[in-house]
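> Sharing a structure below in structure tokens format, with a few things to ask.
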Ligand SMILES: [Zn+2]
């Protein structure tokens, strides 16, 4: 902090010196204006560097000397600080798209957690570092993240970028916020191109929605206060109807739900019945409708002459049985 104050003082002095230049001497004025420009540039560079070092030290205080290139959560058993204030001001959107296709949280349907936020994207879309930092992991995980990148940021967060078609940065490489680090893809356990984006502190996954408003491409507030074990709140499931006219790429979860729904229910005796129709409500998907009526997505598609990938409209009438 001391060096920071000294440098600020230096900057003020430099500006002061230049602005009190003798107005009669044009040459001197120009020279001093030039000096002002150069010196304030240098001073701001030094201040930025000092600031970055200070932030890097912040991450160091959290992670200590631990620097492991093997995977996402390599911190089991490590002590967690009770509270951490994470500076979010340097945030850059990890992808241009603002459409969230799957939220963070527990999925009763699959009895497992989704540790990140899925953002819609096309294969080849640029993926950007959310903050400045250093690439800790660059790996391939066929059954999970596919090609993925993990960055440790100076603000103490670690971010994960999954299902990439290409990685553009190497392990131990320093990156700046907004720097391209990969290309969006559909690798690993993914069905449809999207970015799987995670935010973690010492391996503990935190709901990115507590920090970022992806639809607005912005941060929720300047800082996020991490409290150990306070972020395990389940979050709502993906909502296709919210995106209305927009064609939404199917997420892994939606696909899985459809696959589950499409599985024939063995031994279930089905009595003869009249046809049943269903009006599409907010938040419903083909698979949720199929489940509600104890039928399959394939059956609904067949009866209505639609595809599994068709976008549902609010109020649309579907024959379900
Ligand atoms: Zn995901």
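Residue numbers (the numbering used here): 2 to 322. Backbone N, C-alpha and C fix where the C-beta goes; we use that ideal spot for every residue, glycine too.
1) Which residue wins for smallest C-alpha separation from residue 105, given the options 116, 200, 112?
2) Judging by CA-CA distance, which residue of 133, 208, 119 is the nearest neighbour of residue 164?
3) Can you list the beta strand (DSSP E) stretches of 3 or more residues lying completely in the stretch 123-170, in chain order?
4) Using the Cβ count rule (16 or more neighbours within 10 Å means buried), how would you classify residue 111?
5) In whole angstroms, what separates the C-alpha of residue 70 from that of residue 158?
6) Look up residue 214 in the DSSP assignment and give the residues it is bridged to.
7) What do you reckon, is the C-beta of residue 117 under 7 Å from a heavy atom of ligand 1?
8) How many Å lie between residue 177 and residue 171 at the Cα?
9) As a quick exercise: from 103, 205, 142, pick the residue whose alpha carbon is nearest that of residue 188.
10) I need the boundaries of the alpha helix (DSSP H) containing residue 287, first residue and last residue.
11) Among residues of its own chain, excluding the 5 on either side of residue 316, which ones have a beta-carbon nearer than 7 Å to its beta-carbon?
12) For residue 212, which residues in the same chain have their Cβ closer than 7 Å to its Cβ, ignoring the five residues on either side in sequence?
13) So for residue 59, helix, strand or coil by DSSP?
14) Is residue 103 near ligand 3, in the sense that its beta carbon is under 7 Å from a heavy atom of that ligand?
15) I want to check one thing, is the minimum distance from the CB of residue 190 to the heavy atoms of ligand 1 below 7 Å?
16) What does the Cβ neighbour count give for residue 310, buried or exposed, with the cut at 16 atoms within 10 Å?
17) Would DSSP call residue 51 helix, strand or coil?
18) When every heavy atom of ligand 1 is checked, does at least one fall within less than 7 Å of the C-beta of residue 197?
19) In three-state terms, what does DSSP make of residue 43?
20) Compute the distance between the beta-carbons of residue 204 and residue 75, then report whether it is under 8 Å.
21) For residue 237, which residues in the same chain have their Cβ closer than 8 Å to its Cβ, ignoring the five residues on either side in sequence?
22) Taking the C-alpha atoms as reference points, what is the distance between residue 183 and residue 284?
23) On the DSSP bridge list, what partners appear for residue 228?
24) Of all the options 154, 319, 130, which has the alpha carbon lying nearest to the alpha carbon of residue 276?
25) Which same chain residues, not among the five before or five after residue 136, have their C-beta less than 7 Å away from its C-beta?
26) Is residue 125 buried or exposed, if buried means 16 or more other CB atoms sit within 10 Å of its CB?
27) Express the C-alpha separation of residue 293 and residue 223 in angstroms, rounding to a whole number.
28) Could you tell me which uninterrupted beta strand (DSSP E) segments, each at least 3 residues in length, are contained entirely in the stretch 165-207, listed from first to last along the chain?
29) Who are the near neighbours of residue 322 in its chain, counting only those whose CB is closer than 7 Å to its CB and skipping five residues on each side?
30) Which of helix, strand or coil does DSSP assign to residue 113?
In this structure, then:
1) 116
2) 119
3) 127-129, 134-142, 147-154, 159-165
4) exposed
5) 16 Å
6) 219
7) yes
8) 13 Å
9) 142
10) 287-293
11) 280, 281
12) 89, 200, 220, 221, 225
13) helix
14) In the structure on display, ligand 3 does not appear, and the ligands it does have are ligand 1.
15) no
16) exposed
17) helix
18) yes
19) helix
20) yes
21) The pLDDT assigned to residue 237 is 39, lower than 50, so where the model puts this residue is not dependable, and the model offers no usable value.
22) 32 Å
23) 84
24) 319
25) 150, 152, 170, 171, 172, 173, 174, 176
26) exposed
27) 42 Å
28) 181-184, 195-202, 205-207
29) 274, 276, 277, 294, 296
30) strand
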